[in-house]
Amino acid sequence: MFKQIRIPASKSISNRVLVMAAFNGIGKKIHNILKCEDTAVMFEAYRQLGVEYRVLEETSDSIDIEITTVPAKNLDTIFYMNNSGTATRFLIPCLGLINGEFFLDGCERMRERPIHDLVEALKGLGVNIEYLGANGFLPLSIKSNGKLTGTTSIKCDLSSQYLSGLLIAQALSKNSFKVEIEGEVLVSKPYIDLTNQVIEDFLKSDVYEVEADYSSASYFAALGILGQQNILLPKLNPNSLQADRKFIKTLIEMGAQIEFIGTDLICKNSNLKSLGVINCEDFPDAAMTLAMVAALMENQKTVLTGLSTLKHKECDRLVALETELKKVGVNAIADDQSITIYGVNPKELAGAKIETYNDHRMAMCFAILQYFNPEIEILNPTCVNKTFPEFWNKLEYFKVGPLVN
1163 MFKQIRIPAS KSISNRVLVM AAFNGIGKKI HNILKCEDTA VMFEAYRQLG VEYRVLEETS
1223 DSIDIEITTV PAKNLDTIFY MNNSGTATRF LIPCLGLING EFFLDGCERM RERPIHDLVE
1283 ALKGLGVNIE YLGANGFLPL SIKSNGKLTG TTSIKCDLSS QYLSGLLIAQ ALSKNSFKVE
1343 IEGEVLVSKP YIDLTNQVIE DFLKSDVYEV EADYSSASYF AALGILGQQN ILLPKLNPNS
1403 LQADRKFIKT LIEMGAQIEF IGTDLICKNS NLKSLGVINC EDFPDAAMTL AMVAALMENQ
1463 KTVLTGLSTL KHKECDRLVA LETELKKVGV NAIADDQSIT IYGVNPKELA GAKIETYNDH
1523 RMAMCFAILQ YFNPEIEILN PTCVNKTFPE FWNKLEYFKV GPLVN
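Number 1567 marks the last residue of the sequence shown (our numbering); no jumps.
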């Protein structure tokens, strides 16, 4: 008997496809786009660009559309990017493909998230970009003649999203420019592989369906192996290139009873053993979920490394994890690229108010600990709307919903 939870679509794939469709999508049909705050930023960009679409079907957490127009030729437009790193870093290079003057800004945290390397790469392709505040950050202005030509280089030691944005623009321009990687560091390489796969699949078909999201699945997979209710997560692509699929592989290496039956992922209550040091560079988002798993492995020490990029996300996630884990009685020590966690018995978790720092992943991660101690309170729980608006409903269903065979 299992609890069955349907996982929503991938935000990472949704925003990649949405930005491609905005510039090269007339007649394209896109199914299962995630409805959340981050994709709402892209849909608002559609309105600002003059991109029109027809709604084919809509549910509480997904939307199917058909693109009917592409951007106007000459634009003078202001974009508010809120705190969406993907929308910002994918859209900026593509604006170099159309004539116009564009202004981009975001929320306070987005103004602290670096875009310097991406801007410098675009300047190398002839785009006129000026910072309107602190150098290296939003807000900025872009003056584009609609052409990206030449060869540029990009540093990828802070974010893979820079290169993904350039690769998308390169594909849309029919390879009018070349991109070289500067230096030897390419963080979160699986996200680049995902970008290349999305580009290939989008360009070769008139219909694109967005996969279910492994990042969102990670929270329920963790509950399945830690809690008393086995769980079934349907319609997950077992061969997906999503980075957080490696979270599932890591759990199996730790002894988790997890298996695919077709596209159904089954997670059973398991006895886990720490692997000691785990390099999480390839799946930094789900590494936060892994931190919760480690926190509940009694008398076991786990070191999660390769996480320097977490300092530049919606908050400084390494510091946030250390701070909030200590509140619930879990000893955690973070540095600039890792976190060490000493697991406790779930019954020993202390009640506390968990600050989420307006970070959706902090809220969803600590909901795992809240499951074992309801006296743990998640502050600002609606921040999950950024990528998973139905999270709390799904979690309640996990707690009290019916079992299936």
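Positions of the beta carbon are idealized from the N, C-alpha and C atoms, including for glycine.
Whose C-alpha, out of the options, is nearest the C-alpha of residue i?
{"i": "Cys1477", "options": "Gln1462, Leu1452, Lys1366 and Asp1521", "result": "Asp1521"}
{"i": "Ile1146", "options": "Gln1390, Asp1426 and Tyr1293", "result": "Outside the modelled stretch of the chain, which goes from 1163 to 1567, sits residue 1146, for which no answer is possible."}
{"i": "Val1582", "options": "Leu1434, Cys1318, Lys1408 and Tyr1370", "result": "Nothing can be reported for residue 1582: it is not among the residues displayed for the chain, which extend from 1163 to 1567."}
{"i": "Ala1496", "options": "Leu1211, Gly1468 and Ile1225", "result": "Gly1468"}
{"i": "Thr1549", "options": "Ala1333, Asn1567, Met1524 and Ile1538", "result": "Met1524"}
{"i": "Ile1188", "options": "Gln1359, Leu1365 and Glu1292", "result": "Leu1365"}
{"i": "Leu1237", "options": "Lys1305, Ala1296, Leu1253 and Ala1183", "result": "Lys1305"}
{"i": "Glu1484", "options": "Leu1472, Asn1567 and Ile1501", "result": "Ile1501"}
{"i": "Lys1336", "options": "Ile1538, Met1459 and Leu1310", "result": "Leu1310"}
{"i": "Glu1282", "options": "Phe1265, Ile1167, Leu1302 and Asp1267", "result": "Leu1302"}
{"i": "Pro1170", "options": "Lys1561, Asn1555 and Val1562", "result": "Asn1555"}
{"i": "Asn1399", "options": "Leu1427, Glu1206, Phe1264 and Met1416", "result": "Leu1427"}
{"i": "Leu1458", "options": "Phe1241, Ile1440, Asn1493 and Lys1561", "result": "Asn1493"}
{"i": "Ile1316", "options": "Met1416, Ser1338, Asn1297 and Glu1344", "result": "Glu1344"}
{"i": "Arg1275", "options": "Asn1547, Lys1473, Lys1515 and Phe1560", "result": "Lys1473"}
{"i": "Glu1460", "options": "Ile1254, Gly1298, Pro1352 and Glu1510", "result": "Glu1510"}
{"i": "Glu1270", "options": "Glu1292, Ala1296 and Ile1254", "result": "Ala1296"}
{"i": "Ala1514", "options": "Gln1532, Lys1475 and Ile1440", "result": "Gln1532"}
How many whole angstroms separate the CB atoms of residue i and residue j, which I take to be in contact at a CB cut-off of 8 Å?
{"i": "Cys1429", "j": "Ile1387", "result": "5 Å"}
{"i": "Met1163", "j": "Leu1557", "result": "Not really, about 19 Å apart at Cβ, beyond 8 Å."}
{"i": "Val1465", "j": "Gly1438", "result": "7 Å"}
{"i": "Pro1132", "j": "Phe1534", "result": "Nothing can be reported for residue 1132: it is not among the residues displayed for the chain, which extend from 1163 to 1567."}
{"i": "Lys1197", "j": "Pro1551", "result": "7 Å"}
{"i": "Ala1379", "j": "Leu1356", "result": "Ala1379 to Leu1356, Cβ: 15 Å. No contact."}
{"i": "Cys1256", "j": "Leu1180", "result": "About 11 Å separates the two Cβ atoms, so there is no contact after all."}
What do you reckon, are the CB atoms on residue i and residue j nearer than 7 Å?
{"i": "Glu1219", "j": "Lys1191", "result": "no"}
{"i": "Leu1294", "j": "Gly1312", "result": "no"}
{"i": "Ala1418", "j": "Ser1432", "result": "yes"}
{"i": "Asp1447", "j": "Asp1406", "result": "yes"}
{"i": "Val1381", "j": "Met1526", "result": "Checking the sequence, you will find Tyr at residue 1381 rather than Val. It is a contact, given that the beta carbons lie within the stated cut-off."}
{"i": "Ser1172", "j": "Val1372", "result": "yes"}
{"i": "Gly1212", "j": "Pro1233", "result": "yes"}
{"i": "Thr1230", "j": "Tyr1215", "result": "yes"}
{"i": "Ile1423", "j": "Leu1413", "result": "no"}
{"i": "Asp1226", "j": "His1193", "result": "yes"}
{"i": "Val1341", "j": "Thr1471", "result": "no"}
{"i": "Glu1517", "j": "Leu1541", "result": "yes"}
{"i": "Ala1374", "j": "Lys1397", "result": "yes"}
{"i": "Ile1393", "j": "Lys1561", "result": "no"}
Under DSSP, the alpha helix (DSSP H) around residue i begins and ends at which residues?
{"i": "Asn1555", "result": "Phe1553 to Val1562"}
{"i": "Val1181", "result": "Lys1173 to Asn1186"}
{"i": "Asp1226", "result": "Where Asp1226 is concerned, there is no enclosing alpha helix (DSSP H), although the beta strand (DSSP E) it sits in stretches over Ser1224 to Ile1229."}
{"i": "Lys1408", "result": "Arg1407 to Glu1415"}
{"i": "Lys1191", "result": "Here Lys1191 belongs to no alpha helix (DSSP H); instead the beta strand (DSSP E) covers Lys1191 to Leu1196."}
{"i": "Lys1366", "result": "Lys1351 to Lys1366"}
{"i": "Val1315", "result": "Checking the sequence, you will find Ser at residue 1315 rather than Val. From DSSP, Ser1315 is part of no alpha helix (DSSP H) but of the beta strand (DSSP E) over Gly1312 to Cys1318."}
{"i": "Ile1208", "result": "The amino acid occupying residue 1208 in the given sequence is Tyr; Ile does not appear at that position. Tyr1208 -> alpha helix (DSSP H) spans Glu1199 to Leu1211."}
{"i": "Tyr1381", "result": "Tyr1376 to Leu1388"}
{"i": "Lys1340", "result": "Lys1340 -> not in any alpha helix (DSSP H); beta strand (DSSP E) instead, spanning Phe1339 to Leu1348."}
{"i": "Glu1484", "result": "Arg1479 to Lys1489"}
How far does the beta strand (DSSP E) with residue i in it extend, from its first residue to its last?
{"i": "Leu1427", "result": "Asp1426 to Lys1430"}
{"i": "Glu1421", "result": "Gln1419 to Ile1423"}
{"i": "Ser1303", "result": "Leu1302 to Asn1307"}
{"i": "Arg1216", "result": "Tyr1215 to Glu1220"}
{"i": "Val1281", "result": "Where Val1281 is concerned, there is no enclosing beta strand (DSSP E), although the alpha helix (DSSP H) it sits in stretches over His1278 to Lys1285."}
{"i": "Asp1267", "result": "Asn1261 to Asp1267"}
{"i": "Thr1250", "result": "Counting along the chain, Thr1250 falls outside any beta strand (DSSP E), though it belongs to the alpha helix (DSSP H) covering Gly1247 to Leu1257."}
{"i": "Asp1238", "result": "Asn1236 to Tyr1242"}
{"i": "Val1465", "result": "Lys1463 to Thr1467"}
Which residues in the same chain have their Cβ closer than 7 Å to the Cβ of residue i, if we skip the five residues on either side of it in sequence?
{"i": "Ala1384", "result": "Thr1451, Met1454, Val1455 and Ile1530"}
{"i": "Ala1449", "result": "Cys1442, Leu1466 and Leu1469"}
{"i": "Gly1308", "result": "Leu1259, Ile1260 and Asn1261"}
{"i": "Asn1177", "result": "Asp1200, Thr1201, Met1204, Thr1248, Ala1249 and Phe1252"}
{"i": "Ile1167", "result": "Phe1382, Ile1393, Leu1395, Lys1556, Tyr1559 and Phe1560"}
Identify, in the order they occur along the chain, each residue of the same chain with its Cβ nearer than 8 Å to the Cβ of residue i, setting aside the five sequence neighbours on each side.
{"i": "Arg1251", "result": "Ile1277, Leu1280, Ser1321, Gln1323, Tyr1324, Ser1326 and Gly1327"}
{"i": "Met1272", "result": "Met1243, Asn1244, Asn1245, Ser1246, Gly1247, Thr1250 and Leu1300"}
{"i": "Phe1185", "result": "Val1232, Pro1233, Cys1256, Leu1259, Ile1260 and Leu1334"}
{"i": "Phe1409", "result": "Tyr1376, Ser1380, Ala1383, Phe1445, Ala1448, Ala1449, Thr1451 and Leu1452"}
{"i": "Lys1463", "result": "Ser1436, Gly1438, Thr1502, Ile1503, Tyr1504 and Gly1505"}
{"i": "Val1546", "result": "His1522, Ala1525, Met1526, Phe1553 and Trp1554"}
{"i": "Thr1425", "result": "Pro1396, Lys1397, Leu1398, Asn1399 and Pro1400"}
{"i": "Pro1543", "result": "Thr1518, Ala1525 and Trp1554"}
{"i": "Gln1404", "result": "Ser1172, Ser1174, Ile1175, Pro1352, Leu1356, Glu1373, Asp1375, Tyr1376 and Ser1377"}
Counting contacts by CB-CB distance shorter than 7 Å, is residue i in contact with chain B?
{"i": "Ala1482", "result": "The question asks about chain B, but that chain is absent: this structure has only one protein chain."}
For residue i, which residues in the same chain have their Cβ closer than 6 Å to its Cβ, ignoring the five residues on either side in sequence?
{"i": "Ala1512", "result": "Val1490 and Gly1491"}
{"i": "Asn1290", "result": "Lys1305"}
{"i": "Leu1611", "result": "No statement about residue 1611 is possible, as the shown extent of the chain runs from 1163 to 1567 and does not include it."}
{"i": "Thr1221", "result": "none"}
Please find out if some non-hydrogen atom of the ligand NAD comes closer than 6 Å to the beta-carbon of residue i.
{"i": "Asn1535", "result": "Of ligands this structure carries none, so the ligand NAD is not represented either."}
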